[in-house]
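Here's the structure we're looking at; comments come further down.
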Amino acid sequence: MPGVPAPTSRFPDRYSRDVLASGPPSHHRSRPASREVPAQRGLVVEEASTGFTGAILRVEKIAGETVVELEDGRGRVRSFPLGPGYMIDGKPVVLTRAVARQAPAGPKRSASGSVYVEGARARTARASRVWVEGKHDAELVQKVWGHDLRIEGVVVELLDGADNLVERIREFGPSPTRRIGVLVDHLVTGSKETRIAQEALAQPGARGNVLVLGHPYIDVWQAVKPARVGIPAWPHVPRGTDIKVGTLAALGWPHEDQADIARGWQRILATVRSYADVEPTLSGRIEELIDFVTVDS
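According to my numbering, the sequence shown is numbered sequentially starting from 124.
In structure tokens form, the structure reads like this:
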């Protein structure tokens, strides 16, 4: 119209854009993106839909849904679904499960509790030896202390019964460079094994070079903690009954022949994972014997 000035560039026409055109109008602001934040205990957040603000107590699963529990300044506690819908300092966030921090990795331990030496080659066998009464004793010692024995170069040999101890010491000829550490079953006051140990220590060269230690159990089976086998205590076996046969019978396990005894022992041995599954009255003696035969002369 005559006399009406034309629009200037100082006043842009916000409505000239086709409202059906693709893309949002230039004057519409985009919604701020939410960032993911681990739901750490103590973190203060606001639940956007209710305005409830509180510190995170825990994240847990309830009725199949993962929820975050918040406690406000008045001590009120409420739970909300874990995920989007939270604010921190006025900015939207998505709460995620916090990843548990792993404790710094300590040294790897062997079954005996000693530091495990990765890739170490077995040491050349020492002249000194550890003697045990029978095969089951040797298998238990090897399972728990095998790594230590290989590193130290200690060989475990069978006596096939304490009755052979004195003769074996005479044959071996102990000396400061050929020590013997002996593990004996049922080494208690007045027992046959105690008398044999005293005679053995009186042999030539034995003084200071032979160490005889023992545990109070009639058989090494009883040195395995009974809880590992699922029983409160090892059964009492009447005098005159073979300890292994009587034990298997009391447990309700097969016990008719030597094969049954072997399988029963393997079943017991399989429950042993480390020195913690063995009675201290045995584990302490083994440690002492290994120390004794590995002392450099």
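We put the beta carbon where it would ideally sit given N, CA and C, even for glycine.
Predicted, not measured: the structure shown is a model, and the values here were computed from it.
Whether Thr219 touches Ala162 by CB criterion (9 Å): Yes, the pair counts as a contact, with Cβ atoms nearer than the cut-off.
Reduced DSSP secondary structure (H/G/I, E/B, other) of Glu411: In the structure shown, Glu411 sits in a helix (DSSP, three-state: H, G or I).
Outcome for Gly359 when other beta-carbon atoms lying within 10 angstroms are tallied against a minimum of 16: One point to set straight first is that residue 359 is His, not Gly, in the sequence displayed. Exposed is the call here.
Span of the beta strand (DSSP E) around Pro204: Unbroken beta strand (DSSP E) run through Pro204: Val200 to Pro204.
Ala350 to Ala356 span [Cα, whole Å]: Straight-line measurement puts the Cα of Ala356 at about 7 Å from the Cα of Ala350.
Paired residues, beta bridge with Trp357 - DSSP: DSSP lists no partner for Trp357.
DSSP bridge partner residues for Lys184 (one or two, in chain order): By DSSP's assignment, Lys184 forms a beta bridge with Thr189.
Assigned secondary structure, Tyr209 (DSSP; H/G/I helix, E/B strand, else coil): It is a strand residue.
The alpha helix (DSSP H) enclosing Gly269, as first and last residue numbers: Start and end: Lys258 to Glu275.
Where Lys231 falls, given that 16 or more other Cβ within 10 Å makes a residue buried: Result: exposed.
Euclidean distance between Cα positions of Thr173 and Gly206: When rounded, the distance between both Cα atoms is 15 Å.
Touch test, the region 310-322 against the region 270-284, Cβ-Cβ under 8 Å, three pairs minimum: Counting C-beta pairs with one atom in each stretch, the region 310-322 and the region 270-284 have fewer than three that are closer than 8 Å, which means they do not touch.
Beta-carbon proximity of Val307 to Val253, cut-off 9 Å: The Cβ-Cβ distance between Val307 and Val253 does not fall below 9 Å.
Arg199 to Arg181 span [Cα, whole Å]: When rounded, the distance between both Cα atoms is 14 Å.
Selection from Ser157, Ala261, Ile391 and Val238 that minimises the alpha carbon distance to Ile211: Comparing Cα-Cα distances from Ile211 to each of Ser157, Ala261, Ile391 and Val238, the minimum goes to Ser157.
Where Arg164 falls: helix, strand or coil (DSSP): In the three-state reduction of the DSSP assignment, Arg164 falls in the coil class, being assigned neither a helical nor a strand state.
For Lys214: DSSP bridge partner residues: BP columns for Lys214 point to Ile211.
contact_flag[the region 337-347, the region 384-400] where n(CB pairs < 8 Å) is 3 or more: Yes, the region 337-347 touches the region 384-400.
Candidates Arg249, Ala399 and Asn287, of which the one nearest Val279 by Cα: The shortest Cα separation from Val279 among Arg249, Ala399 and Asn287 belongs to Arg249.
Val191 to Leu263 span [Cα, whole Å]: Separation of Val191 and Leu263 (C-alpha to C-alpha, rounded to the nearest whole angstrom) is 49 Å.
Under the three-state DSSP convention, the category Glu123 falls into: Given a span of 124 to 420 for the chain in the structure shown, any question on residue 123 remains unanswerable.
N- and C-terminal bounds of the alpha helix (DSSP H) containing Ile384: Per DSSP, Ile384 is one residue of the alpha helix (DSSP H) stretching across Gln381 to Leu392.
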